[in-house]
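Visitor: Handing you a structure now.
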Amino acid sequence: MTQMTQDLLSADLELGPPADQAARADVVPKIRHLVFDVGGKPFGIELRHVREIVGMQPITPLHDVAKYIRGLMNLRGHVVPLVDASLRLDLEARDYDERTCIIVLSLDQHEVGLIVDRVQRVVDLPATEVDTDRTRADYLRGVHPDGDSAIVCLDPHWLATASSARAPQPND
Amino acid sequence: MSNLDDPEWVEVFAEFAEESRDALGRAEETLIRLETDRLAGAPTNTEAVASLFRTFHTVKGTAGFLALEQTVHVAHDAENLLARVRSGELEPESRHITVLCQAVDFLVAAVDHVGKTGDDAGLHTSATPLIAAIRGVDDAPEPAAALSPPPAPPPAAAAPPSESGDEPVPAPEEAPIDEAIDEEIDEAIDEAIDEATDEAIDEEIGEEIDEEIEDDEPALEDEEMEPDLEEPPVAAAAPASPSSPRAPERPSAAKPSATGQRQAESAEVREVIRVDAARVDALLNMVGELVIAENMTSREVGQAMQGNRGLLQLQRVTRQLQDLTMSMRMVPVRGAFRKTRRLVRDLTQRQGKEAQLIVIGEDTEVDKSLVDALGDPLVHLLRNAIDHGLEPPAERLAAGKPAAGVLRLTAGHQGGEVFIQIEDDGRGIDREKVLARARERGLVADGSELSDSDVYQLLFEPGFSTAAQVTDVSGRGVGMDVVKRNVERFNGRVQVTSTLGRGSCMTLRVPLTLAIIDGMLLRVGTERYTVPMIQVREAVPLADMKIAGLPGGRELIELRDEFVPFIRLTDLFALGAEPEQQDIVVFLEGMGGVVGVLVNEVIGQQQTVIKPMPALLPGITAASGCCILGDGRVSLILDGNALSKLGRAHLGRGGKAA
C-alpha cells in the first residue's frame, strides 16, 4: 500500500487537493466526479470539467458529422455542439425524455454538451490510474465499485472529440 | 533620467500618442481631399482647413507639455502654414500639401520614436530640413504679417547627424535641402508602409523623381495668381531663387494669434473610446439573450396584453439595442483605405504617371481586426498596380487609352466574405513572360500545361516577384508573397485575373469573423436555415420545375434551359420533412456554379449575426457558420459555395455530369 499510495499522492497533488488532506498518508485522495446514467449504467466524469447542467434544448441537426454528434444548441448566445453519450458509447439509442439532460463540459476553453439519460449525483472517487496499455481503452479513466454495479469513469476529451482519441472498437 | 521613467509623463504621452495617431491619420486624408477638391476646381473647404489647423495645434500643445521640442517646432510651422491658408492668404497648392503631408509623416514617426526613447532630440536632423521646407515652401507675400517669430530659431541646416542615427541618409552637401528632405521623408514613408520589400525600386527612382515632382508643378498658374511666389526651391532648377532653402532663418508668416489660441483650441472633442474587445463580445451575447427573452415574453403574454404600451416599448428598445450592439465590433473598412489616396498621389507623381483612384464601398463594415490586417496588403497591391500595371501617359495614349489610368478600389461583402478588389486598366500580366520566368527558376516543369489562374499564382512564390526580368516588363509581384501570407493568416485568399493590355484585378477575400449579413430564412420541416441574400439568385415554386433523376439518386433541375444540381435539404440533413404544397426551390450561386435547393418555405429576410461554427467541429461542410434565431434556436447559415461544390461532387459520383 505505501508505495502505491505515495505514487497516487504525488499524482494527485498536481490535481490540487487541499494540502492538509494530501499530507495524511492513510487517506486515499479523492476526486469529485459527476455520476450520470447512460443506457441504465452509471458513468462518471471529473467534476472540474463540468460547467453546468441544463435540461434538453432544441437541437439543430448537422450534416456530414459523426453519428453521435447530434447537432447544435444555443447556450445563452453560445453555439454549443452536442454529443449523444449513448451513441458515443456505442449503446442503443434512446428516446429523450423529461429526465434527459445535457452536461455542459468546458474543455480547453471550448464548450461541448453531453446528452445523458439522467444525472445522478456528485461523489468523491478515489484517484486511481488505469493501465491504458493493458486495457487498450483510452476513453477509460477508472472503474469504481458502486453498490452492486460499478461507475465507469470516462475521459472527457474522448467524449467530446471525434478525431483526437480512439473510439472503443469491437475487438478492444 | 529619461522621461520614460516618469509614470506621469508616460501616462500623458500614451494618451497623446493614441490621439495623435488617430488625428494625424485623419489629417492626411483631409489633406489629400483638399488637393483633390482643388484640382477639381472646388473652392477650398474652410472647415477642413480649420480641422487640420486644430490637429496640428493640439499636437503642438501637448508636445510642448511633454517637452518634445522637435515635434513642437514642426507642428508649429505646419500650423503657421495652415493659418495662412485658413485666413485665405494662401491657396493650398500641391507643394503645400506635400510639405504638410511630410509634416504629418514626421509627427507620426516622432510619436513612435518618442514612445521608444522618451524624447525627440534624436529627430533633430530630420526636423530641421523639414522645417526649412515648410518655411521655404513659398514666400510670405507680406513679411509684415509675421508678427510673432517662431518659438525658437531652427538649428543650423548643416547640423551633423545626431548620435541616435535615425536618419538613413545624410543629405549630400551640395544637394538642395528640400531634395534631401524629400529623400529622407520618402524613405521614412517607405519604411513605414512597407517593411518587407522593394527598397530597390525606390532607390532606383529616387532622385530624378523628386525633381519631377517639382517640375510638374503648375508654374504658370502660380505666377498668375501670386506673382511674387517662387517655385519651390530646387537649387539646381532655381539657383537664384530668393526663397532658397538656404535661408531657413527667415521667419515665416506666423498667425499673430496662434499662441494665444492654444488654450482655447486644445480641448478637442474625443470621438472614440477604446473598449476591450472581449467586453464587446460579452455584451453582444448578453443582448442576444435579451432579445430572445423579449421574444419569449412577447409570445407568452402577448395575447393577453395585445397593444400594451410597455410591451411595445420593450420590443422597440430591445431591437434598437440589438442593432447598436451588433454594430460595435464592426468598423468601416475606410480605416484600411485611409493610406491609399496619399499613396496613389505620391507614387504617381514620383513616377510621372497619372491615375484616378476610385474608391467604392468604403463604408463596408468589417470586423475591426480585419481592418488592421488588410492595410499592408492593400498598400503592396496598390504599389504594384502603379509600379508595374499603369503605363506612363505616352504609352497609354499610344495604346489608345486615356492618359490617366483608372485604379478602382472596391470593398464589399459577398457570400460571407469580405472582398477587397484592386483593379487597374494598365498593361495586364504577361502570362507567357511569367511562365518563362517560372520555367527558368524551375518552378514549372517544361511542357506542363497551366491554367491562367495557376500561372498567376506563381506570382505569389516568395522571391519570384523581385526578379528584375519580370518586374521590368510586366510582372506584378513585388511583395506578393507578403500579401498572400497576410491574407492567409485570416484564412483568406487572393485571386488574380488579368487581360494582357487591358489591366489586372486582384481580389482579396477574407471570411468574416464576425459580421452581420442579410439572410434569407428558409424552412424545411421544423428546421430553419439561413442563406446569405447575396448568394440567392432566385426562388421558384417547385411545381413549375422540371427535375431529372440521375443514377445513384442524384438529381438535376432545369433553370432556364440549363440543368443544375438539385439538393433536397431534407435528405441532406436527414430531416424526414414531408413535401408540402408550396415547396420552393431556392437557387444559390456559389463558386461551384448554381445549385437548386429544395425547401418547404421561404420565411423571409432578416439581418443576422454570423457566429462561427464551434471549434470542436472541424470540417463541417454545407454551412459557413450559424446564427441564433429570435426564438433561441440555432440556425445554420448555408454556404452557397459549399453547396454548389457538393452538388457538383454528387454529380461526379452519381454518374455523368451534365
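Residue numbers (the working numbering), protein chains in the order written: chain U, 1 to 172; chain X, 1001 to 1658. All residues carry an ideal CB built from backbone N, CA and C; glycine is no exception.
#1: How is glutamine 1356 of chain X classed by DSSP in three states: helix, strand or coil?
#2: Around the C-beta of alanine 1445 of chain X, are 16 or more other C-beta atoms found within 10 angstroms, so that it is buried, or is it exposed?
#3: So which residues on chain U does proline 1614 of chain X lean against when the C-beta distance must stay under 9 Å?
#4: Can you tell me whether tyrosine 1529 of chain X is helix, strand or coil according to DSSP?
#5: Are the beta-carbon atoms of proline 1392 of chain X and lysine 1353 of chain X separated by less than 7 Å?
#6: Judging by CA-CA distance, which residue of X:Leu1378, X:Ala1436, X:Phe1573 and X:Gly1400 is the nearest neighbour of valine 1510 of chain X?
#7: To the nearest angstrom, report how far apart isoleucine 53 of chain U and glutamate 1294 of chain X are at their CA atoms.
#8: Using a Cβ-Cβ cut-off of 8 Å (strictly less than) and excluding sequence neighbours within five positions of arginine 1329 of chain X, which residues of its own chain qualify?
#9: In this structure, does DSSP put isoleucine 1429 of chain X in helix, strand or coil?
#10: Given a threshold of 16 other Cβ atoms within 10 Å of its Cβ, counted over all protein chains shown, does valine 38 of chain U qualify as buried or as exposed?
#11: Note the first and the last residue of the continuous alpha helix (DSSP H) segment covering threonine 1098 of chain X.
#12: Look at valine 1595 of chain X and isoleucine 1584 of chain X and say whether their C-beta atoms are less than 7 Å apart.
#13: From which residue to which residue does the beta strand (DSSP E) around glutamate 174 of chain U run?
#14: Aspartate 1376 of chain X: buried (16+ other C-beta within 10 angstroms of its C-beta) or exposed?
#15: What does asparagine 1285 of chain X touch in chain U if you count any residue whose Cβ is under 9 Å from its own?
#16: Do the stretch 1070-1084 of chain X and the stretch 1095-1113 of chain X touch if we need at least three Cβ pairs shorter than 8 Å?
#17: Alpha carbon to alpha carbon, what distance is there between aspartate 84 of chain U and arginine 1408 of chain X?
#18: Return the Cβ separation of glycine 1412 of chain X and serine 1504 of chain X in integer angstroms, given the expectation that the two are a contact with Cβ distance under 8 Å.
#19: Chain X partners of alanine 160 of chain U, CB-CB under 8 Å?
#20: Could you check what DSSP says for leucine 1559 of chain X in three-state terms: helix, strand or coil?
#21: Can you tell me which of X:Val1344, X:Asp1454 and X:Ala1110 puts its alpha carbon nearest to the alpha carbon of isoleucine 1032 of chain X?
#22: What are the boundary residues of the beta strand (DSSP E) that glycine 1549 of chain X is part of?
#23: Once you ignore the five residues that flank phenylalanine 1573 of chain X on each side, which residues in its own chain have a CB closer than 8 Å to its CB?
#24: Using a Cβ-Cβ distance under 7 Å, would aspartate 64 of chain U count as near chain X?
#25: Report yes or no: do the stretch 109-120 of chain U and the stretch 137-150 of chain U share at least 3 C-beta pairs separated by less than 8 Å?
#26: Per DSSP, what kind of secondary structure is glutamine 1349 of chain X in: helix, strand or coil?
#27: So, glycine 1625 of chain X versus lysine 1611 of chain X, is the Cβ gap smaller than 7 Å?
#28: Would you tell me roughly how many angstroms separate the C-alpha atoms of leucine 87 of chain U and glutamate 1589 of chain X, rounded to the nearest one?
#29: Would arginine 70 of chain U pass as a contact of leucine 82 of chain U if the rule is Cβ separation under 7 Å?
#30: Tell me whether isoleucine 1386 of chain X is buried or exposed, calling it buried when 16 or more other Cβ atoms sit within 10 Å of its Cβ.
#31: Less than 7 Å between the beta carbons of lysine 30 of chain U and aspartate 124 of chain U, yes or no?
#32: Nearest CA to the CA of isoleucine 1422 of chain X: which residue from X:Gln1313, X:Gln1414, X:Ala1127 and X:Ile1360?
#33: Can you give the Cα-Cα distance for leucine 105 of chain U and histidine 49 of chain U, rounded to whole angstroms?
#34: Applying the criterion that 16 or more other CB atoms from any shown protein chain within 10 Å of the CB defines a buried residue, is alanine 1171 of chain X buried or exposed?
#35: Between the C-alpha atoms of proline 156 of chain U and arginine 32 of chain U, what's the straight-line distance to the nearest angstrom?
#36: Would you mind giving the Cβ-Cβ distance between proline 1565 of chain X and glycine 1640 of chain X, rounded to the nearest angstrom? I have them listed as a contact below 8 Å.
Guide: This is what the structure gives:
#1: Numbered from its first residue, the second sequence carries residue 1356 of chain X at position 356. Of the three classes helix, strand and coil, the one that applies to glutamine 1356 of chain X here is strand, per DSSP.
#2: What you label residue 1445 of chain X is simply residue 445 of the second sequence in a count that begins at 1. Its Cβ having fewer than 16 others within 10 Å, alanine 1445 of chain X is exposed.
#3: By one-based count along the second sequence, residue 1614 of chain X stands at place 614. Here the neighbours are Leu72, His78, Val79, Val80, Pro81, His110, Glu111 and Val112.
#4: Residue numbering aside, residue 1529 of chain X sits at position 529 when the second sequence is read from its first letter. Looking at tyrosine 1529 of chain X - three-state DSSP - the assignment turns out to be strand.
#5: Within the second sequence, residue 1392 of chain X is the residue found at index 392, counting from 1. Within the second sequence, residue 1353 of chain X is the residue found at index 353, counting from 1. In contact: proline 1392 of chain X and lysine 1353 of chain X (Cβ atoms closer than 7 Å).
#6: The residue given as residue 1510 of chain X occupies position 510 in the second sequence. For valine 1510 of chain X, the closest C-alpha among the options X:Leu1378, X:Ala1436, X:Phe1573 and X:Gly1400 is that of X:Leu1378.
#7: Your numbering for residue 53 of chain U matches position 53 in the first sequence. Your numbering for residue 1294 of chain X matches position 294 in the second sequence. Each residue's alpha carbon lies about 24 Å from the other.
#8: Within the second sequence, the letter at position 329 stands for residue 1329 of chain X. For arginine 1329 of chain X, same chain residues with a beta-carbon under 8 Å away, outside a window of 5 residues either side, are Ala1277, Val1280, Asp1281, Leu1284, Asp1367, Lys1368 and Leu1514 in chain order.
#9: In the second sequence, the residue the question calls residue 1429 of chain X occupies position 429. If DSSP states are grouped into helix, strand and coil, isoleucine 1429 of chain X belongs with coil.
#10: The sequence position of residue 38 of chain U within the first sequence is 38, counting from 1. Burial state of valine 38 of chain U is buried, judged by a 10 Å Cβ sphere holding 16 or more other Cβ atoms.
#11: In the second sequence, residue 1098 of chain X corresponds to position 98, counting from 1. Run containing threonine 1098 of chain X: 1094-1117, per the alpha helix (DSSP H) assignment.
#12: For this step, residue 1595 of chain X is matched to residue 595 along the second sequence. For this step, residue 1584 of chain X is matched to residue 584 along the second sequence. Against a cut-off of 7 Å, the Cβ pair of isoleucine 1584 of chain X and valine 1595 of chain X comes out as no contact.
#13: Outside the shown range of chain U, which is 1 to 172, sits residue 174 of chain U, and nothing can be said about it.
#14: The sequence position of residue 1376 of chain X within the second sequence is 376, counting from 1. With 16 or more other Cβ atoms within 10 Å, it is buried.
#15: Sequence index remark: in the second sequence, residue 1285 of chain X carries index 285 (1-based). Residues of chain U passing the Cβ test: Arg76, Gly77 and His78.
#16: yes
#17: Position 408 of the second sequence holds residue 1408 of chain X. Position 84 of the first sequence holds residue 84 of chain U. Here the alpha carbon of arginine 1408 of chain X sits roughly 52 Å from the alpha carbon of aspartate 84 of chain U.
#18: Taking the second sequence and counting its residues from 1, one reaches residue 1412 of chain X at position 412. Taking the second sequence and counting its residues from 1, one reaches residue 1504 of chain X at position 504. In fact, because the Cβ distance is near 19 Å, the residues do not count as touching under 8 Å.
#19: Here residue 160 of chain U is taken as the residue at index 160 of the first sequence, counted from 1. What alanine 160 of chain U touches in chain X: Leu1616.
#20: On the second sequence, position 559 is the one that residue 1559 of chain X refers to. Strand.
#21: Counting from one through the second sequence, the residue named residue 1032 of chain X turns up at place 32. Nearest C-alpha to isoleucine 1032 of chain X: X:Val1344.
#22: In the second sequence, the residue the question calls residue 1549 of chain X occupies position 549. Residues 1547-1549.
#23: Reading the second sequence from its first residue, position 573 is the one you call residue 1573 of chain X. Cβ within range, chain order: Val1524 and Glu1527.
#24: As a working mapping, residue 64 of chain U is identified with position 64 in the first sequence. With its beta carbon less than 7 Å from one in chain X, aspartate 64 of chain U belongs to the interface.
#25: Of all C-beta pairs linking the stretch 109-120 of chain U to the stretch 137-150 of chain U, fewer than three are shorter than 8 Å, placing the two stretches out of contact.
#26: For the purposes of this step, residue 1349 of chain X is taken as residue 349 along the second sequence, with counting starting at 1. Glutamine 1349 of chain X falls in the helix class under three-state DSSP.
#27: As a first step, residue 1625 of chain X must be located in the second sequence, where it is residue number 625. As a first step, residue 1611 of chain X must be located in the second sequence, where it is residue number 611. Contact flag set, yes.
#28: The count along the first sequence starts at 1 and reaches residue 87 of chain U at position 87. The count along the second sequence starts at 1 and reaches residue 1589 of chain X at position 589. Using only the alpha carbons, I get a separation of about 37 Å.
#29: As a position in the first sequence, residue 70 of chain U is number 70, starting the count at 1. As a position in the first sequence, residue 82 of chain U is number 82, starting the count at 1. For arginine 70 of chain U and leucine 82 of chain U, yes; Cβs fall inside 7 Å.
#30: Locating residue 1386 of chain X in the second sequence gives position 386, where the first residue counts as 1. Buried, since its Cβ has 16 or more Cβ neighbours within 10 Å.
#31: Residue numbering aside, residue 30 of chain U sits at position 30 when the first sequence is read from its first letter. Residue numbering aside, residue 124 of chain U sits at position 124 when the first sequence is read from its first letter. Yes, the Cβ-Cβ distance between lysine 30 of chain U and aspartate 124 of chain U is below 7 Å.
#32: Within the second sequence, residue 1422 of chain X is the residue found at index 422, counting from 1. Minimum Cα distance to isoleucine 1422 of chain X is reached at X:Ile1360.
#33: The residue given as residue 105 of chain U occupies position 105 in the first sequence. The residue given as residue 49 of chain U occupies position 49 in the first sequence. Distance between leucine 105 of chain U and histidine 49 of chain U, taken at the CA atoms: about 5 Å.
#34: Taking the second sequence and counting its residues from 1, the one referred to as residue 1171 of chain X is at position 171. Residue placement at alanine 1171 of chain X is poorly supported in this model, since its pLDDT is 40, which falls under 50; the coordinates are not used for a value here.
#35: The sequence position of residue 156 of chain U within the first sequence is 156, counting from 1. The sequence position of residue 32 of chain U within the first sequence is 32, counting from 1. Going by the C-alpha atoms only, they are around 14 Å apart.
#36: Taking the first residue of the second sequence as 1, we reach residue 1565 of chain X at position 565. Taking the first residue of the second sequence as 1, we reach residue 1640 of chain X at position 640. Not a contact, Cβ separation roughly 12 Å.
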